[in-house]
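Working notes, beginning with the structure itself.
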Amino acid sequence: MEEQLSKTEFRNAMARVCAPVNVITTNGPAGRGGFTATAMCSVTDEPPTLLVCMNSRSAQTALFLENRRFCVNVLTQEHKELAGYFAGQRAEMEERYAAADWIDFRSGSQALSDAIVSFDCRLTEARLVGTHHIFIGEVMDIRSRKDGHALLYFDRNYVHVPTQAGSFGG
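Each residue of the sequence shown is one higher than the one before, counting from 67 in the numbering used here.
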């Protein structure tokens with residue numbers, strides 16, 4: 067019989083995976099919310115789709131499910147403090163939003179004005195897996211800038227990458 071990995075073993079291993087830091091926002095009939103996440107990736111480009119993962123115990127889960135929209139804001143190194151606020155260092159949502167400048171997409175979603183890139187998504191599917199919801203969203207609009215270095219998280223710390231790595235896509 068195979069021995070099951072412990073939660074600690076898994077978390078320690080995942081800490082060794084470098085990931086970009088994102089602030090995921092929502093705005094709609096249920097209200098405005100947001101959280102910091104590294105669990106974000108593309109799913110397909112036909113149609114353009116990405117996914118994010120959110121702890122299902124978050125008080126904001128219902129906002130995201132009811133609003134049926136979310137915006138992924140990829141942070142720069144200048145956003146370390148903001149990442150902390152949306153990770154829970156600031157409990158009040160208004161305080162989190164007041165710490166940055168926001169631009170409205172046509173949909174009503176709010177994008178961080180100086181994010182490296184912001185993806186405005188329509189929630190097409192939400193699936194509960196263990197402790198987290200996987201939100202799958204069709205990308206409806208994109209805002210991006212040409213400069214800035216991504217804020218990365220590795221080994222439970224923010225890390226600095228001094229040069230741009232370039233593109234490996236096609």
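Every residue, glycine too, gets a C-beta built ideally from N, C-alpha and C. In this text, all values refer to a predicted model and were calculated from it rather than measured experimentally.
- A check of alpha carbon separations from V227 across A105, C107, E144 identifies E144 as the nearest.
- V205 and L117 have their C-alpha atoms some 10 angstroms from each other.
- Here the alpha carbons of A165 and E147 stand approximately 9 angstroms from one another.
- Of I202, V83, R134, the smallest CA-CA separation from D111 is found for I202.
- Under the 8 angstroms Cβ criterion, the segment 67–74 does not count as touching the segment 118–128, having fewer than three qualifying pairs.
- The beta carbons of V87 and A216 sit closer together than 9 angstroms.
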